[in-house]
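The next block holds one structure in the form of structure tokens; read it before the comments.
Right, dumping it as structure tokens:
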């Protein structure tokens, strides 16, 4: 069923790696908290792609799992990413309310 | 004759009485009538009686090998395999018996003298009890000295030796309001302490070699050849002998540790008489006499002889220029001690000890007489202000004259007998046996002449001529009985009949009436243990006897005559005499040959104290601040360079920075890392993770 | 059904959270939320207590496994959260009118913590960590009118989001390399597969996963959020953070590395003689992952980072934050030993740590409530003003330093001895050095309390110090620090029992 | 009480500690008298112990042994042997006397005495413990009260002094902890099985040579490595150069009674630790490093003396004299002869007496004049005290001479024993060390000269302006000061004149120790 994926595993992995690197880069460099969270989403999605792809590889090599662990994991990633984003955005809003600024570099009262 | 046990008990009682007197005086003295001076005086008098009994015993025995010993364990810390004991012990022999007799006698008389001399001084109500403490210290001192004399081992000897040092310290500094007294006391203690420490090291070496401190064991060990082996044994004996002699150098104020004794005259005059003339300084000589066999075994005797000869000459020269009556006597003490040491150095064991005894007696007399003069002159010590006191202090004058004749070595007086014996030995040794040591007899004879000169200078300046300070002189009158009686007794004892065998030996039935036969009972009774009689040297001694005696008498006479010419008849003006010598000689003498300067200004002030301050600064700065509090300064430099840390942060770090600032510094840099920017944190984490990955995973 | 029975305490807590939240809308009584949370927690505790002594069993197809370790940490979490509830109830920082939402979050947090202790599968790992994290974000920013609190919350969420994202990515890599997500099959896979057959990417995956777990226990290099968040968050929350998620994180870390990557060895008679019977069990690493080295490096850096950075601080909360980092470093030492002793030491230390750290934060909370700040200057002169508070604080701090006869010392002794038993002398020396450094900043507080004169004026009237309840709790927290320093055998037994399942395997 | 006499000695003050909790802090006199009573009991018990002590046995007596923590074999194990008996006597006696020395404490009286009692527990515990773990616990226990005693009741720079003391000691003791745990893991019974014990007696019976440890990539011999770890722990306490710099600070800043107890008892714990642990456990390593100890001892003697010479603060001078005097202990115990060893232990006791006296006497002057400057800005701070306060001067003189080793006072006996023991083994070194005798006399007498002799120039510190102003005179000694000084002075003379009983007490144990060392 997933034979296609298994054959082209490299492509999926390459894609997820690119997502991961881009995501990380975004997290570390964006001057906007919302942007940072977008980076987080990218990394999470990279992971989700990996899970799906590796599950296919595993199923293909006949080590079939009793349940669709990889697939389910990616579903959970999506759900949790959404929850996290919701909480994060709420907090960012509060920060904006308090400081009129959501550049993570400017939020630096607590230090030392 | 008494049983040995009772003799030992008696010997123990001798120091015990003054000790008890000390305790009484120290704790309740000021509450007793007359502040308890009678306690001390009677205690020492009882001791004197005990000592006399022992002396009588010795006399009735009349055996050069008479020894009674007893010893008890004081401290036993050894095991069966490794025995180690320190013992207390009593050794009574002829040496000790004579010494005990002399010390108790002098001490008794000086105590008596003090009741007069000190009472006058401490008139002040507030200071009154000092009178009591004076007697307390005096008693403690006497007790220590007597205990030292009866010690049968070096260890206890050393202990009491040090206690005497303490008493000396306390008594020299007795006039404690005077800074000069304070200086003198610390100087005396420290200088002797240097000698004592060296002596202690010598004792350690001796103990390591022999395993005992007892004289009996030491003599036995020498006889059995414990120092056998030509090189090693000789070297060890020399080493030990040298160090023991260092103790003497300190205590008896020999060159180069002589500096303390003249200053010690800051103490009250009875103290000078007792400690710094008659007894304590003699303890140094007593020590080398006791350990003579050991010194003889090593190669240290010539050194001793030279030190003694040099000191005696050197001090005699200094004495000539002094005007302080006590200073003259102090230098003469140095000089006479030099004689004794010289005598030990040339092997004249008996002569040395004899001079110790005769000197103690006449020097005590001289000092007390000078004390009487000072007392009469209302504490004026400068001889230039005296003069013409002969009539006003007739008893003092006569007593002092006798003692002066004795010290000058005039025949018929005790000094002649003993000094003659020393000079003869020095001549035999330095003149005949070892001509290369010619300096020794020459110095000895020169000193004899000088001694006669300056002692008569003292007499003439004090008792003859015109009064320097009329007011004081005219008011001077004879001292009370408790002060002149001791002088008379001692003057009487300064007659040669008591020492010269031709009289005493015969009188008491131990010897022959041969004129010129010398000091019979002394020679017969006082013999060096262990050491074998050197026939050849005996022969040389005999040869040297007549020339030595003639020379010494001639020189003494010359000295007296010359002194008379200069100070009595003033035929030769003193100024002219002084001009004979180049200026640097005067300067050197005035500055005491620069020894005080060298020790105090150069060594202590320029080297020693700066060094100690350096050490303290080192401790404070290097060890404490830099190594421990660490890197504060380095940190400060770093701070100015980096400059971007919060100043208050650094300040707080530095101020609070008690231990290593290195952690503080690291902490500060860590905290700059923690700059509050969340993306920085993330970056740090990412980079660190990557590094770990590369470090562990790939490599 | 059996699985549901096993998670009944968790469900009770969820239910309680909902009741508190919803009920709070109607019931205006200020004590309602407190009382119902306490009741819920006690109920959960009772339920957990009934499970003590049962053999290990897994649930939900091996997603979670209910064994002694999990149970121990579940009870531990309940107790710590109970402390948290009590401290929050006493604190001025948690406004009475917002109590329902606050306590409902606390209860939910407790659920997450309990799941962290029992999760046996990557999915459960992720879910439980995220539950705890997301709730923590909101708690950190609970005082939303204070910018510091909001800032803390934002930093926490940014850091936490990235950490969990990295962890998930790491999980995907491990999954890809092995094909397994539950820990037991992971270990079986490792022990049956030749090391050379495994791709290098596995190692990258483990490190990324460690990032996620390490962030929870604030181990270097994932520790940097800790001081900022601890300082900004309300003090009761900080107190809770410094103990509960950290303990749960260590539970998870132990389970992850020990179950997933190690096999126990029953060493031979010689080895038993060598190590003594009590410590005969140790583990060896299966698979190509040198995770002990990873933990060791992390541990050393964590100690140094925490202790050194704490030196120049003025805020007591911040000092305690750094100190909690440093303590994470000490605790990590125990995990590197791969021995039964080391793991026991971790559990023992966590128990002790709970008492001392919570106590220290409690006093700090009182000080902050009274003077409005948590700086060293507010502590000045406390010794003469409030002798009992100060004495207890001194006990907590000395215990944190690790001085006998306080419990912290015994904890350190066990950790050190576990390390030394493995003959890691250098490691032990580093740890020893660190505990000396730590003295500086702890003593700074003690000095302020006892040696300095008071600086900040005492407010008029009733102050937070007057609360008898909190005084009682402070003393109650101080007592174990003394008692466990002198007689700690029972706690040791508990710790050993908690690890029995490792022996059983 | 005689059943568990050691436990009573150690823990009786703890009862007092808790008892004081319930005394209102206003009742200062009651607090003081309770403390006196509470410390009197251990002292009396210690005397009783002395009476029952069998000096013929080399092993520990009055043993109390119980399992404390079974899981790691920690024992509650107490005992006394010849090494510790004198220390127990000293500790209980000085604590008791210190109660009188503390009589004029003004601030937080209750807290002060509570801390003192706690200190007592730690101190005595160290001397009695025969289980290393217990030893360590007591060792550290003593740190806390000491920190507070210096830090709260100290002088101007008390905080600095307190933390310095604390850090130094903790640094040492953490290393000691590592060493202790290493011993635990390497302990074996004779057949080679793991013993897992902290019992010092069983640890001492084991041969530790032959094991190796791996530290930072190198293999090191076990016994020597652990020896050094323990060394640091004890060296800080002694204190051995260069770990001594906490001492002047702590001494100078501490209140009088604390200085007394610090110099009198706490310093002894370092030397005691060497003898109890390093010596008994690792005779071979001790042998190997003995020369280092000798050199360190000599450095302590000479260096301490030089530093003392340059001090202008009276108390600091006395503090450095402690450094110097402890050097004799180190030297004596490093030479492995019975005399040296006994000299070292006796020196510990003697230094406890004479330095306690000196610190007390510094306190006597300080209480009256409120300063301690021998010299201040080039002027003498004291001077001529002998004229107006002869009794104080007399006691000072006794203390000074006891300290500088005058025969017939205590210091001489121990120093002589040390030198007698050291000389056969290390000749040159002993000769160098003997210079210390001269130096000690020099700095002490110089001090006496500047403080007590000469014209009256004594100044007192005006408490309002902080300036030094000429003083009128000195109040005579008070009863509480006599209560401290008189017994100490008496003991100084006793030991100086008749040391045999003291030597007998320790002889058997120490000779046995020396035998094992050789």
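Chains as they are written, first to last, in the working numbering: chain A, 1 to 112; chain B, 113 to 811; chain C, 812 to 1316; chain D, 1317 to 1834. Think of the CB as a built atom: it goes at the ideal place given N, C-alpha and C, for glycine as much as any other residue.
- Counted as a single uninterrupted DSSP element, the alpha helix (DSSP H) harbouring residue 1485 (chain D) occupies residues 1474-1502.
- Counted as a single uninterrupted DSSP element, the alpha helix (DSSP H) harbouring residue 1297 (chain C) occupies residues 1279-1297.
- Taking 7 Å as the Cβ-Cβ cut-off, the region 1609-1630 of chain D approaches chain B at 1619, 1622, 1623, 1625, 1626 and 1627, given in chain order.
- Closest by C-alpha distance to residue 434 (chain B), out of B:350, B:474, B:717 and B:570, is B:570.
- Between residue 1139 (chain C) and residue 1223 (chain C), the gap from beta carbon to beta carbon reaches 8 Å or more.
- When D:1826, D:1503 and D:1750 are compared, the shortest CA-CA separation from residue 1542 (chain D) is found for D:1503.
- The alpha-carbon of residue 538 (chain B) is positioned some 37 Å away from that of residue 183 (chain B).
- Cβ contact annotation for residue 1528 (chain D) (same chain, cutoff 7 Å, sequence separation greater than five): 1535, 1536, 1537 and 1538, in chain order.
- Fewer than three beta-carbon pairs drawn from the region 1553-1562 of chain D and the region 1414-1421 of chain D are found closer than 8 Å, and the two stretches are therefore not classed as touching.
- Contact between the region 418-428 of chain B and the region 546-565 of chain B is present: three or more C-beta pairs spanning the two stretches fall below 8 Å.
- Below the 7 Å Cβ cutoff, chain A contributes no neighbours of residue 1107 (chain C), its closest Cβ being approximately 26 Å away.
- When the five nearest sequence neighbours on each side are left out, the beta carbons in the same chain lying within less than 8 Å of the beta carbon of residue 836 (chain C) are those of 911, in order along the chain.
- Look at residue 877 (chain C) here: in three-state DSSP terms it is strand.
- Listed in chain order, the positions of the region 299-315 of chain B with a beta carbon within less than 8 Å of a beta carbon of chain A would be empty, since no residue qualifies.
- Distance check between residue 994 (chain C) and each of C:922, C:833, C:1202 and C:932 places C:932 closest, using alpha-carbon atoms only.
- Residue 534 (chain B) sits close to residue 454 (chain B), with the two beta carbons spaced by under 8 Å.
- Here residue 123 (chain B) is near residue 166 (chain B), since their CB atoms are less than 8 Å apart.
- Here residue 1506 (chain D) is exposed: its Cβ has fewer than 16 other Cβ atoms, across all protein chains shown, within 10 Å.
- Every alpha helix (DSSP H) stretch that sits fully inside the region 242-313 of chain B and reaches 4 residues is listed by chain position as 242-262 and 266-284.
- Residues of the region 1464-1493 of chain D that bring their beta carbon within less than 8 Å of a beta carbon in chain C comprise 1464, 1467, 1468, 1474, 1475, 1478, 1479, 1482, 1483, 1486, 1487, 1490, 1491 and 1493, in sequence order.
- DSSP places residue 203 (chain B) in the uninterrupted beta strand (DSSP E) bounded by 197-205.
- In the DSSP assignment, residue 72 (chain A) falls within the unbroken alpha helix (DSSP H) covering 69-99.
- Cβ atoms of residue 44 (chain A) and residue 979 (chain C) come within 8 Å of each other, at about 6 Å.
- Under the rule that a run must span 4 or more residues, the alpha helix (DSSP H) segments found entirely inside the region 621-697 of chain B read 632-637, 647-675 and 686-691.
- With fewer than 16 other CB atoms across the displayed protein chains lying within 10 angstroms of its CB, residue 1095 (chain C) is exposed.
- Taking 8 Å as the cut-off, the beta carbon of residue 1043 (chain C) is found closer than this to the beta carbon of residue 959 (chain C).
- In the three-state DSSP reduction, residue 1319 (chain D) falls in the coil class, being neither helix nor strand.
- DSSP links residue 184 (chain B) through a beta bridge to B:200.
- Annotation: Cβ neighbours of residue 1237 (chain C) in chain D (cutoff 9 Å, chain order): 1530, 1531, 1532 and 1533.
- Out of B:470, B:491 and B:187, the CA that lies nearest to the CA of residue 1817 (chain D) is found in B:187.
- Counting the other CB atoms within 10 Å of its CB gives residue 1007 (chain C) a total below 16, which places it among the exposed residues.
- In the structure shown, the three-state DSSP call for residue 410 (chain B) is coil.
- Looking at the DSSP output, residue 1093 (chain C) shares a beta bridge with C:1076 and C:1150.
- One finds 986 in chain C with Cβ atoms closer than 7 Å to the Cβ of residue 70 (chain A), taken in chain order.
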